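Undergrad:
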Amino acid sequence: MAAHILSGNAIALKLTERVKENVEDFKAVHGIAPGLTVVIVGEDPASKVYVGRKHKACLDTGINSEVIRLPETTAEEELLATIDRLNADAAVHGILVQLPVPRHINAEKVLERIRPDKDVDGFHPMNVGNLCVGKEHLVPCTPYGIIKMLELEGIAIEGKRAVIIGRSNIVGKPMAMLLLARNATVTVCHSRTKDLAEVCRQGDILVAAIGKPEFVTRDMVKPGATVIDVGINRVGDKLVGDVNFGDVAEIAGHITPVPGGVGPLTIAMLLHNTLKAAEIQRM
Ligand code: GUN
């Protein structure tokens, strides 16, 4: 039987509507709108598209949005000075530096410079640590959106086996923490994992976040599993995920498409986090 397709677009719309209502309430109470500033360094075409979407989503939701575009040649010190200025600006509740940054800039140093209560990506070590000890304050947007989708779709997590392919700080690791906190039994796979297909086949929930086009094939999927595809890969003029959709959809129970799956959820949760950051700062 063909898998049920999880529409990230529809779920993101629902989540965004909620944020929009809460933004209205926030404005009524505090007399100001939540504000997000996104900083992009350089000309990475995919990053430019993502940043444009984030900016538009903010404006559609009643959140103030500013995009600071810095040239590829920007010195690390200059980027850090920009962050210092935003950290001190009371109208800026959320700061996001789009990754990747150019190679001459130390991304770790940049992420650590952002005030933890303005860190809407949830990448600051303090927020990472909070997540690891079970305090979900500002949680990385992509894995958080995936959890919201599973919850809204009534897909059980507790007691299930979850297998994550990819151990990045942006998706794989926080995804593991969120699933673990909801009582899944979690395995994180990576490039050195032995017998990868066999490990993946144990997953009731399989999350693919490795950045390899159509890497996951049906022999890696347990029949009836929920398959979440985080990948966005450009192949020629086509966008494909990390999952071979046509192949896997024949065996999975639920599957996310690319595009229109996880991507819109990431943006919805960024809006959620920006409002949350504003609320934390106004408490
Ligand atoms: N690049 C790819 N995904 C992300 C994300 O979630 N946040 C930031 N800041 N950069 C990214």
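Heads up, the sequence shown is in the working numbering, so the first residue is 92 and it goes up one at a time.
Glycine included, every Cβ here is placed at the ideal spot set by N, Cα and C.
This one's a predicted model, so the numbers in the text were calculated from it and none came from an experiment.
1. Below 8 Å between beta carbons: does that hold for V349 and L330?
2. Taking 7 Å as the cut-off, does the CB of L187 come closer than this to any heavy atom belonging to the ligand GUN?
3. State the DSSP-derived secondary structure class of E100, mapped to helix, strand or coil.
4. Can you give the Cα-Cα distance for I237 and V120, rounded to whole angstroms?
5. Could you tell me if E305 is buried or exposed, where buried requires 16 or more neighbouring beta carbons within 10 angstroms of its beta carbon?
6. Counting only the same chain and skipping the five closest in sequence on each side, list residues whose C-beta sits under 7 Å from that of N379.
7. Taking the alpha carbon of R176 as the reference point, which residue from I123, V230, N324 and I205 has its own alpha carbon closest?
8. Out of curiosity, what's the CA-to-CA distance linking R160 and L127?
9. Any idea which residues DSSP pairs I296 with across the strands?
10. Three or more C-beta pairs under 8 Å: does that hold for the segment 229–244 against the segment 352–361?
11. Can you find the residues in the same chain that come closer than 6 Å, C-beta to C-beta, to N221, ignoring five residues on each side of it along the sequence?
12. Below 8 Å between beta carbons: does that hold for L287 and V318?
13. Check whether the Cβ atoms of A368 and V158 sit closer than 8 Å, and answer yes or no.
14. Flag C232 as yes when its Cβ comes closer than 7 Å to any non-hydrogen atom of the ligand GUN, and as no otherwise.
15. In angstroms with no decimal places, state the Cα-to-Cα distance between Q293 and H281.
16. Using 8 Å as the threshold, is the C-beta distance between I246 and L270 below it?
17. Quick check on the burial criterion: 16 or more other C-beta atoms within 10 angstroms. Buried or exposed for M374?
18. Label P384 either buried or exposed according to how many other C-beta atoms from any shown protein chain fall within 10 Å of its C-beta, with 16 as the threshold for buried.
19. Could you check where the beta strand (DSSP E) with E199 kicks off and where it finishes?
20. In the structure shown, what three-state DSSP assignment does S156 receive?
21. With distances taken from CA atoms, which of S138, I358, A93 and L104 is nearest Y235?
22. Kindly confirm or deny that the segment 334–350 and the segment 128–138 touch, where touching means at least three C-beta pairs closer than 8 Å.
23. With C-beta atoms as the reference, is T107 less than 8 Å away from T173?
24. Looking at the structure shown, is D175 part of a helix, part of a strand, or coil, going by DSSP?
25. So does I383 have its beta carbon nearer than 7 Å to some heavy atom of the ligand GUN?
26. Compute the minimum distance between the beta carbon of I261 and the heavy atoms of the ligand GUN, and state whether it is under 7 Å.
27. Quick one: any contact between the segment 110–120 and the segment 163–170, if contact means 3 or more CB pairs under 8 Å?
TA: In short:
1. yes
2. yes
3. Reading off the sequence shown, one finds Asn at residue 100, where the question assumed Glu. Helix.
4. 31 Å
5. buried
6. Lying outside 92 to 374, the shown extent of the chain, residue 379 is not represented and no answer is given.
7. I205
8. 14 Å
9. A253 and T317
10. yes
11. H228
12. no
13. no
14. yes
15. 15 Å
16. no
17. exposed
18. Shown here, the chain extends from 92 to 374; a query on residue 384 therefore has no answer.
19. Premise fails: E199 lies in the alpha helix (DSSP H), A198 to R204, not in any beta strand (DSSP E).
20. strand
21. I358
22. no
23. no
24. helix
25. Past the edges of the chain, shown from 92 to 374, lies residue 383, and the structure says nothing about it.
26. yes
27. no
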